[in-house]
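Residues 0 to 462 in numbering that gives the first Met the number 0 are what the sequence shown spells out, letter by letter.
Beta carbons are placed, not taken as given, at the ideal position from N, Cα and C, and that holds for glycine.
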Amino acid sequence: MKEEKFKKQEEFIEKIRTSNFTRHPFYYILTMGCQLNENDSEKLCGMLEQMGYYKTEEMAQADIILFNTCCVRENAEEKLFGKLGEVKKLKEQKGTIVAVGGCMMQEEHIVEKLKKSYPFCDIVFGTHTLYQFPQDLYEVLNKHKTVQDILQIDGEVIEGLPIKRNDPYKASVTIMNGCNNFCTYCIVPYVRGRERSRDPKDILDEIESLAKQGYKEVTLLGQNVNSYVGNGNLGIYRFSDLLRAVNKIEGIEIIRFISPHPKDFKDDVIEAIRDCKKVSRLVHLPLQSGSSKVLKAMNRKYTKEQYLELVEKMKQQIPGVTFSTDIIVGFPGETDEDLEDTLDVVRKVNFEQVFMFIYSRRVGTVADKMENQIPEEIKHKRFDKLKQLVESQIEQNNKKYIGTVQNVLIEGKSKNNPEMLSGRTDTNKVVVLKGTEKDIGTILPVTIVSEHMWYLKGEKHPL
Ligand code: 5AD
Ligand code: SF4
């Protein structure tokens with residue numbers, strides 16, 4: 000039934016593919032933002048390649064230029080408008096088709112700005128209508144009109160889309176769309192709508208097929224994965240049930256998930272991580288702030304103490320567990336003391352990795368209307384203070400790896416040195432080592448010999 004929705008698109012894919020038979024057209028895609036957006040882009044690439052387009056890294060070579068946008072922070076907007084400025088010339092010179100999609104297109108003020116300042120965009124599509132891209136493109140190609148394809152209500156989960164994955168050994172699988180939490184700083188619930196969980200059978204089929212294709216690692220994606228509730232032929236699945244089921248899939252060796260919400264991290268999920276050996280011992284647990292006052296203003300629904308208790312409980316129940324996190328500095332009303340609370344949590348948890356963000360005002364959110372906004376200069380000073388602490392911790396943590404043997408999924412040749420291979424530990428640390436092509440795509444025991452801030456150096460451990 001759900002696949003039926005995409006059937007109609009397959010007709011458009013076929014029509015465009017036929018018209019491309021005697022050509023070798025190219026597409027260029029730029030993805031901004033999170034892994035969910037990356038996963039959406041993989042689907043766009045899948046559709047484009049079925050339609051006979053080939054990927055290029057050069058905008059000037061492309062017949063279609065596609066921007067898949069993000070709106071979580073302001074800098075993505077600046078980037079998009081900068082890129083559209085560049086594209087304008089290409090459009091004038093060779094009539095390149097320009098398509099802009101993703102989260103930013105769910106914001107009315109952005110679509111208005113596009114219409115006014117960048118009227119040459121041929122397709123503007125939102126997050127709920129991504130699957131209709133073939134039809135939108137067909138209309139541009141054959142009816143020579145521009146298409147605006149944005150739905151303000153929540154789209155259903157559409158199954159059966161083709162996908163062209165970025166990596167050969169690790170894959171992302173979206174398990175749910177949307178978010179119900181309305182953290183006061185966050186635009187996501189407005190642009191991605193309410194939570195919709197995929198049918199567990201569809202997820203498990205997808206992962207089984209990945210395993211058959213040789214994939215070793217999967218990352219389960221969602222804005223709030225631990226409130227996943229799937230319902231279908233297999234009955235009701237909670238997130239913990241899903242973890243246990245994926246853990247049984249032969250061939251898959253590493254399971255990751257982003258992002259859970261601390262408030263929903265119930266015992267069944269902790270027990271599932273404990274019991275499932277393939278689930279990574281690096282758990283991403285977004286903190287956002289270490290101050291209970293700021294957390295309340297953010298509508299995060301936990302306190303500093305509750306967060307620390309959860310970490311302690313997990314450390315006790317899951318031997319070897321480590322954490323990564325997201326932190327925002329400069330939220331309205333944050334004081335120096337509030338920042339100290341954040342630094343205190345960072346010291347206590349000793350995160351393996353911290354994604355640090357400067358608070359960015361988002362039109363339409365509750366926090367944007369708060370009066371006690373923090374001046375940019377102070378936000379930057381606080382960011383630097385946090386960064387200093389995080390970097391010193393990473394350095395310390397890296398030292399602990401020296402002399403240990405880590406299981407490393409070898410992902411390919413190192414980007415900076417093609418003589419070397421590069422992979423990742425279970426805790427997501429980059430490891431660079433000597434090896435042969437045969438090692439790529441395997442999980443090897445590697446002895447860590449030195450540390451270099453953003454990567455570790457290793458040697459293959461004799462088997
Ligand atoms: N400003 C800064 N960072 C933000 N994030 C979400 N919204 C904002 C914002 N308005 C961060 C949060 C979230 C991550 C994906 O992005 O830390 O976990
Ligand atoms: Fe945004 Fe909060 Fe939902 Fe995460 S949980 S997507 S931060 S509203």
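Measure the alpha-carbon distance for residue i versus residue j and round it to whole angstroms.
{"i": "Lys456", "j": "Lys277", "result": "24 Å"}
{"i": "Phe11", "j": "Gly332", "result": "52 Å"}
{"i": "Ile157", "j": "Ala170", "result": "19 Å"}
{"i": "Val465", "j": "Pro417", "result": "Not covered by the structure: residue 465. The range shown for the chain is 0 to 462."}
{"i": "Asp62", "j": "Arg164", "result": "21 Å"}
{"i": "Met103", "j": "Val404", "result": "44 Å"}
{"i": "His143", "j": "Thr341", "result": "54 Å"}
{"i": "Glu339", "j": "Phe80", "result": "37 Å"}
{"i": "Met0", "j": "Pro259", "result": "Low confidence applies here, because Met0 scores a pLDDT of 49, under 50, leaving its location unreliable; read the following figure in that light. If you take the alpha carbons of Met0 and Pro259, they lie about 30 Å apart."}
{"i": "Leu443", "j": "Arg423", "result": "10 Å"}
{"i": "Pro167", "j": "Lys115", "result": "41 Å"}
{"i": "Ser421", "j": "Glu458", "result": "11 Å"}
{"i": "Val217", "j": "Glu194", "result": "21 Å"}
{"i": "Asn371", "j": "Ile327", "result": "16 Å"}
{"i": "Lys88", "j": "Asp121", "result": "15 Å"}
{"i": "Ile254", "j": "Ser239", "result": "12 Å"}
{"i": "Val99", "j": "Ile373", "result": "32 Å"}
{"i": "Lys82", "j": "Val110", "result": "16 Å"}
{"i": "Tyr306", "j": "Arg346", "result": "13 Å"}
{"i": "Thr21", "j": "Tyr52", "result": "12 Å"}
{"i": "Ile257", "j": "Val224", "result": "7 Å"}
{"i": "Lys4", "j": "Gly213", "result": "29 Å"}
{"i": "Thr173", "j": "Lys42", "result": "11 Å"}
{"i": "His451", "j": "Val187", "result": "35 Å"}
{"i": "Glu57", "j": "Tyr27", "result": "7 Å"}
{"i": "Glu436", "j": "Ile162", "result": "26 Å"}
{"i": "Tyr358", "j": "Tyr189", "result": "18 Å"}
{"i": "Gly125", "j": "Gln316", "result": "42 Å"}
{"i": "Glu85", "j": "Glu308", "result": "50 Å"}
{"i": "Leu284", "j": "Pro261", "result": "6 Å"}
{"i": "Phe356", "j": "Phe382", "result": "8 Å"}
{"i": "Ile235", "j": "Cys275", "result": "20 Å"}
{"i": "Tyr137", "j": "Thr145", "result": "11 Å"}
{"i": "Leu281", "j": "Lys428", "result": "10 Å"}
{"i": "Val448", "j": "Leu385", "result": "28 Å"}
{"i": "Ile401", "j": "Thr446", "result": "8 Å"}
{"i": "Gln387", "j": "Thr426", "result": "21 Å"}
{"i": "Tyr184", "j": "His108", "result": "18 Å"}
{"i": "Lys7", "j": "Met31", "result": "28 Å"}
{"i": "Asp267", "j": "Leu35", "result": "25 Å"}
{"i": "Cys44", "j": "Lys414", "result": "23 Å"}
{"i": "Asn180", "j": "Met313", "result": "23 Å"}
{"i": "Lys300", "j": "Glu76", "result": "29 Å"}
Residues bridged to residue i by DSSP?
{"i": "Asn406", "result": "Pro444"}
{"i": "Lys253", "result": "Strictly speaking, residue 253 in this sequence is Ile, with Lys absent from that position. Per DSSP, Glu216."}
{"i": "Phe356", "result": "Ile327"}
{"i": "Lys459", "result": "Val445"}
{"i": "Gln287", "result": "Ile326"}
{"i": "Val278", "result": "Ile254"}
{"i": "Asn230", "result": "Ile235"}
{"i": "Tyr53", "result": "Phe25"}
{"i": "Lys6", "result": "DSSP lists no partner for Lys6."}
{"i": "Val430", "result": "Gly422, Leu455"}
{"i": "Asn223", "result": "Per DSSP, none; premise fails for Asn223."}
{"i": "Glu450", "result": "Leu455"}
{"i": "Gly192", "result": "Looking at the DSSP assignment, Gly192 forms no beta bridge with any residue, so it has no partner."}
{"i": "Gly411", "result": "Ser421"}
{"i": "Thr321", "result": "Leu281"}
{"i": "Thr30", "result": "Asn67"}
Is the Cβ of residue i closer than 9 Å to any Cβ of chain D?
{"i": "Lys215", "result": "Within the model displayed, chain D is absent; a lone protein chain is all it includes."}
If you pair each beta-carbon of the segment 69 to 81 with each one of the segment 140 to 158, do three or more pairs fall below 8 Å?
Counting Cβ pairs under 8 Å, fewer than three are found: no touch.
Whose beta carbon lies closer than 6 Å to any heavy atom of ligand 2, going through the chain in order?
With the criterion CB distance below 6 Å from any heavy atom of ligand 2, the matching residues run Cys178, Asn180, Phe181, Cys182, Cys185, Val187, Pro188, Gln222, Asn223, His260 along the chain.
Every unbroken alpha helix (DSSP H) within the segment 95 to 179, with a cutoff of 4 residues, ordered by chain:
Listed in chain order, the complete alpha helix (DSSP H) runs (minimum 4 residues) inside the segment 95 to 179 are 107 to 116, 132 to 142.
State whether the segment 234 to 250 contacts the segment 285 to 304, with contact taken as three or more CB pairs (one from each stretch) at a distance under 8 Å.
Per the Cβ contact rule, the segment 234 to 250 is not in contact with the segment 285 to 304 (fewer than 3 Cβ pairs under 8 Å).
The segment 87 to 98 contacting the segment 47 to 65, beta-carbon criterion three pairs below 8 Å:
Note that the segment 87 to 98 touches the segment 47 to 65; at least 3 beta-carbon pairs, one per stretch, sit closer than 8 Å.
Given 8 Å, three or more beta-carbon pairs between the segment 377 to 395 and the segment 347 to 357
Three or more beta-carbon pairs drawn from the segment 377 to 395 and the segment 347 to 357 are found closer than 8 Å, and the two stretches are therefore classed as touching.
Contact between the segment 308 to 322 and the segment 371 to 386 is defined here as three or more beta-carbon pairs at a separation below 8 Å; is this criterion met?
Cβ pair count under 8 Å is below three, so no.
Any contact between the segment 190 to 199 and the segment 227 to 238? By contact I mean 3 or more CB pairs, one from each, below 8 Å.
The answer is yes - the segment 227 to 238 touches the segment 190 to 199, with three or more Cβ pairs under 8 Å.
So within the segment 38 to 93, which uninterrupted beta strand (DSSP E) runs reach at least 3 residues, ignoring any that extend past its ends?
Within the segment 38 to 93, the complete beta strand (DSSP E) segments at least 3 residues long are 63 to 68, listed from N- to C-terminus.
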